[in-house]
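**Q**
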Amino acid sequence: MLIHKKYFIYVTISLLVFSCGAQKSKKNHKNAFLESKFKTDFIFIEAEQTLSNLQKWLVVKKDDKNYVNGASGEMYLEFMGNKAITGKPNSPLEYKFTAPKSGNFKLMLMTSKRLEGEKSDWCNDAFIKLSGNFETASKLTTAALKKDIKILQDGNDETAELKWHWASTAEKDRHVYTDFVYQLKKGEKYILTLSGRSMRFSVDYLVLYDSNKFSFNEAKKLFKK
Ligand SMILES: [Ca+2]
Ligand SMILES: [Ca+2]
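Residue numbers for the sequence shown follow the working numbering, so the first one is 1439 and each next one is one higher.
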């Protein structure tokens, strides 16, 4: 009897702990599926979950005037500083995370542009830098990845405005396109910083995925909401 009771308490506590954890990190069924299957293979962060002062970033929610349908969490951040064409790194937003395992993780952001009549390669970029104990796993040097580098929508001017597209392209030197891949170490803490570049560029969420586990094409499908 005592054994049964102990077992019952153990199971109850386990379920409680599990469901609390689940509610915090799993915002929908797709995330729940991904977390159950690939728990240590990716890091998923809602852009709007930053603890930084938003400054020139604006929170856009469902039912707001310029809301772009299909956003994760029905919410995202739109940058309203600088100019539509470009600008210096502005309004840095920090995202802290711990590497779930050691490996090469590639960064991509779910993004959209709102042109208001401007050219199609405007309103489509931001800046990214990473701090912490990592080595480069891309063509960029580790030192370069620790400073602001432009990130732009994949396809540049070919993407449609007011739709969600991946941005994973790094452009440190003009018209030299690479990507952001970091060799992370298990248990180490990192800070990813996203800063505004062109006005009316929006970021919905950020993904870092194990690039040895998934091809880029697989990841783009898997992590698309
Ligand atoms: Ca641009
Ligand atoms: Ca979001």
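Just so you know, even glycine gets a beta-carbon here, dropped at the ideal spot from N, CA and C.
In angstroms, rounded to a whole number, what distance separates the CA positions of ASN1534 and LEU1644?
**A** This sequence places Lys at residue 1534; Asn is not what is there. Roughly 12 angstroms separates the two Cα atoms.
**Q** Which runs of the alpha helix (DSSP H), 4 residues or longer, sit entirely within the stretch 1477-1503?
**A** Whole alpha helix (DSSP H) segments, 4+ residues: zero.
**Q** Looking at the strands, I want to know which residues DSSP matches up with GLU1532.
**A** Answer is THR1631, bridged to GLU1532.
**Q** Can you find a heavy atom of ligand 2 that lies under 7 angstroms from the Cβ of SER1510?
**A** SER1510 Cβ: within cutoff of ligand 2.
**Q** Would you check if the stretch 1516-1531 and the stretch 1491-1503 touch, i.e. whether three or more CB-CB distances between them fall below 8 angstroms?
**A** Touching, yes.
**Q** What's the call for ARG1612, buried or exposed, on a 16-neighbour Cβ count within 10 Å?
**A** The residue is exposed, with fewer than 16 neighbouring Cβ atoms inside 10 Å.
**Q** Whether or not the stretch 1563-1570 and the stretch 1472-1491 are in contact is what I'm after, with contact meaning three or more pairs of Cβ atoms, one per stretch, closer than 8 angstroms; do they touch?
**A** No, the stretch 1472-1491 is not in contact with the stretch 1563-1570.
**Q** Along the beta strand (DSSP E) that carries LYS1567, what are the first and last residues, could you check?
**A** Counting along the chain, the beta strand (DSSP E) containing LYS1567 begins and ends at 1563-1569.
**Q** Just mark SER1606 as buried or exposed, buried being the case when its beta carbon has 16 or more other beta carbons within 10 Å.
**A** It is buried - the Cβ of SER1606 has at least 16 other Cβ atoms within 10 Å.
**Q** Quick one: is ALA1581 buried, meaning 16 or more other Cβ sit within 10 Å of its Cβ, or exposed?
**A** The residue is exposed, with fewer than 16 neighbouring Cβ atoms inside 10 Å.
**Q** Would you mind working out which of ILE1629, PRO1538, ASN1562 and ASN1469 sits nearest LYS1584, comparing C-alpha positions?
**A** Among ILE1629, PRO1538, ASN1562 and ASN1469, the Cα nearest to that of LYS1584 is on ILE1629.
**Q** Give the C-beta separation of LEU1578 and LYS1610 to the nearest angstrom, bearing in mind that I take them to be a contact with Cβ-Cβ under 8 angstroms.
**A** About 6 angstroms; that satisfies the 8 angstroms criterion.
**Q** Would you kindly work out how many angstroms separate the C-alpha atoms of ASP1648 and GLY1555, rounded to a whole number?
**A** C-alpha separation (whole angstroms): 38 angstroms.
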